[in-house]
Structure formats: C-alpha cells, structure tokens
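*Asks:* Chains A and B, in that order, are what the protein sequence lines are. First residue of the first sequence? That's 3 in the working numbering, and the numbers climb one at a time after it. First residue of the second sequence? That's 3 in the working numbering, and the numbers climb one at a time after it.
Protein chains: 2
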Amino acid sequence: MGNVIAMSRNSAAAATLSPSQLASAKARILEAAAEMFRTHGYDVSMEAVAAAANVSKQTLYNQFGSKEELFKAMIAERGAAMRAPLKAHALVRHPRDMLTDVARQYYTHACSPHEIGYYRMIIGASQQFPEIGAAYYEAGPKEMLEELSNWIAREERLGRLDTGGDSKLAAEHFLGLITAQIEARGLLGVGTEMQPTEIERRARYCAEVFMRAFGPESLLR
Amino acid sequence: MGNVIAMSRNSAAAATLSPSQLASAKARILEAAAEMFRTHGYDVSMEAVAAAANVSKQTLYNQFGSKEELFKAMIAERGAAMRAPLKAHALVRHPRDMLTDVARQYYTHACSPHEIGYYRMIIGASQQFPEIGAAYYEAGPKEMLEELSNWIAREERLGRLDTGGDSKLAAEHFLGLITAQIEARGLLGVGTEMQPTEIERRARYCAEVFMRAFGPESLLR
DNA sequence: TCAGTTTTGGACTGAGAAGTCCAAACGACC
DNA sequence: GGTCGTTTGGACTTCTCAGTCCAAAACTGA
Chain A
3 MGNVIAMSRN SAAAATLSPS QLASAKARIL EAAAEMFRTH GYDVSMEAVA
53 AAANVSKQTL YNQFGSKEEL FKAMIAERGA AMRAPLKAHA LVRHPRDMLT
103 DVARQYYTHA CSPHEIGYYR MIIGASQQFP EIGAAYYEAG PKEMLEELSN
153 WIAREERLGR LDTGGDSKLA AEHFLGLITA QIEARGLLGV GTEMQPTEIE
203 RRARYCAEVF MRAFGPESLL R
Chain B
3 MGNVIAMSRN SAAAATLSPS QLASAKARIL EAAAEMFRTH GYDVSMEAVA
53 AAANVSKQTL YNQFGSKEEL FKAMIAERGA AMRAPLKAHA LVRHPRDMLT
103 DVARQYYTHA CSPHEIGYYR MIIGASQQFP EIGAAYYEAG PKEMLEELSN
153 WIAREERLGR LDTGGDSKLA AEHFLGLITA QIEARGLLGV GTEMQPTEIE
203 RRARYCAEVF MRAFGPESLL R
C-alpha cells in the first residue's frame, strides 16, 4: 500500500498517483464498496471497505453517514451501469440474428461471474432492504423485458414473428431460455464459466428454439 | 396446531404438553431453525432460534455443537424433502400433458414464496459455505434436470419429441421456460403470488412453446 | 507563509451475538 | 421415594462491528 501523493476531493491536479488514488475519495469509496459488497455480501465491515478504498474510516463516515447509506448509494450508482442491454439494434436484421445477439450479450455480460456475484448480493440484501430488490428489478430485468417485448411486438406487426399476441410472455420466455439454469448455477456457486464456443452454441440454440416456437411458417426452417 | 401428547427424546411416554413440545427436542429445533433461517437468513441469532424452538440455549448447543453445525444439519434434513418432483409420471401420456403437469407442479411447489425464501437463503449461504450451494444444486435442480432429460430422451426414441439429440439442453430450456422471471421476481422480493388461473395459463403456455419447438411435425398443431 | 479545511490513525463506546458455565428444577425409570 | 441424566434460565466471557471522538498531520487556496 505504498503511496505518494494524496489528492483533494475537488481538484483534478495532475500528478503521478497510484491508480486507486486517481479518483476522488467519494468515487474511490463507491468503487471499493461495490467490490467488497459484491464479494462478501452486506456483511463486510466498514473497516474493510475503508481499507479497500485506501481511506480512513472517518473519511468514509464523512462521505456516507452510515453503512446503509453507503450501500444504497453504491446500488444507485451501479444501477446506471446496467442498462441499455438491447439498444442500438435495428429492425432491419433477421429476428434470429437479433435474438442470437441478445443472448450472446446476455451471456457475456449479465451472466459473467462478476455480474452474478452482484446479483447474489442484491438478492441477499433484498431481504433486509426490500426496496433494493425492487429497484434492481425495475432498472434491470424489467427494463430489458420491456424492450424485448416491444421489439417482439414490432416484429409481429411486420409479420416476422407470431406469438399469438402475448409479446410480454414471449419476452419472458426468451429470457428464460437464455438464463436457463446458467444463472441458477452461478448463484449457487457451481457455475463453471462458459467458454466462448459454449456461449455461441447456447446463444444460437436459444434463438433457434424461439424461432421454432414463434417464427412464422415462412421462416421456420 | 392443537396437540395432545409430548415425547421425551428417546421414549414415547404420553403426557399433556404444549403443541411445540410434541416432537423431540432435536426435531423441534430443526424445524424452528429452518423457519428462522429461511425468513431471516444466516444472520438469525441462536437465541432467536432457541426461543422459536421453545428450547433453552443450552439444549440447543447440546444437540448441535455450533451454529454452523445446526445450519448444515437443517439443510441436510430439508434436502430430502425436496426430491421427487417428477416421479410417478408414466410414459403413456401425451408429452404436452406431461410437460404441463411438470410446469404446474413447479409453480405450485418450487415457486411458492415459501420455497423461494428457502432458495434465497441457500444462495446467501453459498457465499459463506460453498459446499451448501453445491449440495443444494445436486439434490435439487440437477436431479430434476436429469429426470427431465431422461424422459425427453425416451420420448425422442419413441418419436414423440425431436430435440436434435440434445435432451440435456432441451431439459434446461424447459426449466428455463417455466421459471422465466418468476423465480427472479421472487428472489428480489417483487414477486406477486400467482393465482391458480395464472399458473394454469403459464403451465400450458410453457408446454405449448416446448412442443412447438421440439414436437415432431405430426404433433405440431 | 498562513489560515481553514480535510484526512488520518487510533482509541473508545455501546450493542449484539456466539458460546460457556452453573446451580436449581424437572422428568424418567426403578 | 430416590437416583441419574437432562433441561432450564440466566449470568458471564469474548469478539466483532457500527459509529464517535480527538489531536496531529496534510493539503488547499490565497
């Protein structure tokens, strides 16, 4: 933990600093807190968080009045980083390609051990702080479901999919196909990280199954 | 919870006792521990467990040497209660009916708030005790997946399903279709308990989607 | 250089919980 | 009724952790 120079909270003075000191104290704390909460759950001690952030306990308490406050601030900040899983996908592509891509993205990001650890922490915390589970659901799965559902409805209007009108349930099912046990295994700690070829295989398979179930005859095979 | 007779640990002597004393101390403790751990996570105090079991702290420690031991004993006992989700299903039925039934069972049992609470607890504990997550997976999801996969393979041999040979992945996908977001919502505490009609709707839908994707042409519609 | 602010380390308080100990009460069995 | 093992309550020890306090050091801006 050798260090050289410390920085004030507000200025961006240039100097040779260790990476962990580049950001402001607040940002550093949030980052460290995210990591510690993710890997140890809500039970990490504030001491440990302070140490990880390379900051004194007092500074930690100056920035965030309490553990709960820190935790919620961390959640709020991280929430923003989780969005837009589906943006920038045009309508012009074949539904199968689009779906494959969504699955691929999901596997590489949302199902990574890192993200699963975060998810596990949220699940644990949502017992103690129900509003956190709700907020996570709103910002994460729910938003993704809505985007997916809207996309499906659009494709249906174009005659390229046929879900019998229930695009919402179809979207849930597609997400279900993707996560199918992968998430569960990760949450229980028996997850083996997927190799790229496995990701590719599963992503294609998901899209294929979905298309078989919901594609119009013309696209079937 | 009216009761009549109480038992000593070893004998079955009859007497008028309070309801909570009907079972042996050990059994009562395990039951209370399951409930407390389920609703409060691993963080419940041993005091609270003892109180819930209507037993002194010392007796608790006489039966189970430590909190960890109690926790694991409780898991081991509950594990047995979770099996056999799929047994006793004959091969004679139409695959669609079988699948609908599986989904129905899953919704009524595995997705109940009670079971979800238990699942959440296991997830939380599997961070602290990785072997617990693994044990749960082996006894629960994995076993169910294997049964399902074997059934699918059999149906495939009979020409009533066609998964292209990957019955294991197909089984995972079917489970994925069932849980699709239901479990996630439950874990995050935003789950609204499903009404019977909703269960029925979803169960049928799951089976329908699976059949569309994996049923042979003759069964398609 | 100097005044004002922030950070730091470290000691401290208070609460809660794991686990132990013990004397008294209880229950089972003879 | 008497004996032996168990249960009980409750006091007790030890630990960990959230959160506070404070005096000394470091940094900032002028």
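C-beta: ideal position from N, C-alpha, C; glycine also. Just so we're clear, the structure is a prediction, and the values are computed from it rather than from any experiment.
Give the residues from the segment 191 to 206 of chain A that approach chain B closer than 8 Å (Cβ to any Cβ), ordered along the chain.
*Replies:* G191, V192 and R204
*Asks:* According to DSSP, is M196 of chain B part of a helix, a strand, or is it coil?
*Replies:* coil
*Asks:* For a test of the three-state rule: what should DSSP assign to G43 of chain B, helix, strand or coil?
*Replies:* helix
*Asks:* By Cβ distance below 6 Å, which residues in the same chain neighbour F212 of chain B in space, the five residues on each side in sequence not counted?
*Replies:* L101 and F176
*Asks:* Given that L179 of chain A touches chain B, what residues does it touch there, using C-beta distances under 7 Å?
*Replies:* Neighbours of L179 of chain A in chain B, taken as residues at a C-beta separation under 7 Å, are given in chain order as H175, G178 and L179.
*Asks:* The ligand ZN heavy atoms versus the CB of D99 of chain A: any closer than 6 Å?
*Replies:* The ligand ZN is not part of the structure shown, which contains no ligands of any sort.
*Asks:* Using 10 angstroms around the beta-carbon of P97 of chain A, count the other beta-carbons present and answer buried if the total reaches 16, otherwise exposed.
*Replies:* buried
*Asks:* Are the beta-carbon atoms belonging to L163 of chain A and F216 of chain A less than 7 Å from one another?
*Replies:* yes
*Asks:* Helix, strand or coil: how does DSSP classify G166 of chain A here?
*Replies:* coil
*Asks:* Using a 10 Å radius around the Cβ and a threshold of 16 neighbouring Cβ atoms, would you call S58 of chain A buried or exposed?
*Replies:* Classification of S58 of chain A: exposed, given that the 10 Å Cβ count is below 16.
*Asks:* Closest to W153 of chain B by CA distance: which of B:I134, B:E174, B:E140 and B:G135 is it?
*Replies:* B:E174
*Asks:* Candidates B:G43, B:M48, B:H42 and B:Y44: which alpha carbon is nearest I31 of chain B's?
*Replies:* The shortest Cα separation from I31 of chain B among B:G43, B:M48, B:H42 and B:Y44 belongs to B:M48.
*Asks:* Can you name, in chain order, every residue of its own chain whose Cβ lies under 8 Å from the Cβ of M38 of chain A, other than the five neighbours on each side?
*Replies:* Around M38 of chain A: V46, A50, V51 and A54.
*Asks:* I need the boundaries of the alpha helix (DSSP H) containing H116 of chain B, first residue and last residue.
*Replies:* P115 to Q130
*Asks:* Using the C-alpha atoms, what's the distance from E71 of chain A back to E210 of chain B?
*Replies:* Straight-line Cα distance between these residues: approximately 47 Å.
*Asks:* Between the alpha carbons of N64 of chain B and R204 of chain A, how many angstroms are there, rounded?
*Replies:* 51 Å
*Asks:* Less than 7 Å between the C-beta atoms of A36 of chain A and R80 of chain A, yes or no?
*Replies:* yes
*Asks:* Classify L2 of chain B: buried if its beta carbon has 16 or more other beta carbons within 10 angstroms, exposed otherwise.
*Replies:* Since the first and last residues shown for chain B are 3 and 223, residue 2 of chain B lies out of range.
*Asks:* So is Q107 of chain A in contact with chain B if we call contact Cβ pairs under 7 Å?
*Replies:* no
*Asks:* Looking only at its chain, what residues have a beta carbon closer than 6 Å to the beta carbon of Y207 of chain B, apart from the 5 residues adjacent to it on each side?
*Replies:* none
*Asks:* Which value, in whole angstroms, describes the spacing of the CA atoms of L24 of chain A and N56 of chain A?
*Replies:* Because L24 of chain A carries a pLDDT of 48, less than 50, the predicted location of this residue cannot be relied on, and the following value inherits that uncertainty. If you take the alpha carbons of L24 of chain A and N56 of chain A, they lie about 11 Å apart.
*Asks:* Over the uninterrupted alpha helix (DSSP H) stretch that includes S151 of chain A, give me the two end residues.
*Replies:* Here the alpha helix (DSSP H) through S151 of chain A covers E145 to R159.
*Asks:* By the 8 Å beta-carbon criterion, what residues does the segment 56 to 78 of chain A contribute toward chain B?
*Replies:* Those residues of the segment 56 to 78 of chain A that come within reach of chain B (Cβ to Cβ, closer than 8 Å) do not exist; the list is empty.
*Asks:* Give the residues from the segment 131 to 146 of chain B that approach chain A closer than 7 Å (Cβ to any Cβ), ordered along the chain.
*Replies:* P132, G135, A136, Y138, Y139 and P143
*Asks:* With DSSP collapsed to three states, give me the class of R30 of chain A.
*Replies:* helix
*Asks:* Here's the rule: buried if 16 or more other CB atoms are within 10 angstroms of the residue's CB, otherwise exposed. What is E158 of chain B?
*Replies:* So E158 of chain B ends up on the buried side.
*Asks:* By Cβ distance, which residues of its chain are closer than 6 Å to P143 of chain A, with the 5 residues on each side in sequence left out?
*Replies:* none
*Asks:* Helix, strand or coil: which one does DSSP assign to Q183 of chain A?
*Replies:* Residue state for Q183 of chain A is assigned as coil, using DSSP reduced to three classes.
*Asks:* Would you identify the three-state DSSP class for V211 of chain A, choosing helix, strand or coil?
*Replies:* helix
*Asks:* What does I124 of chain A reach in chain B if we use C-beta pairs closer than 8 Å?
*Replies:* L190
*Asks:* Compare the C-alpha of R122 of chain A against each of A:R214, A:T41 and A:A29 and name the closest.
*Replies:* A:T41
*Asks:* Hey, how far is the Cα of T61 of chain B from the Cα of F73 of chain B?
*Replies:* 16 Å
*Asks:* Buried or exposed: E140 of chain B, going by 16 or more other Cβ atoms within 10 Å of its Cβ?
*Replies:* exposed
*Asks:* Just how far apart, CA to CA, sit Y66 of chain B and E149 of chain B?
*Replies:* The amino acid at residue 66 of chain B is misidentified as Tyr; the sequence shows Phe. Roughly 35 Å between the two C-alpha positions.
*Asks:* Assuming the contact rule is C-beta atoms closer than 8 Å, I134 of chain A and I118 of chain A should be a hit. Round their C-beta distance to whole Å, please.
*Replies:* Incorrect: roughly 17 Å between the Cβ atoms, too far for contact.
*Asks:* For G178 of chain B versus G178 of chain A, is the C-beta distance shorter than 7 Å?
*Replies:* yes
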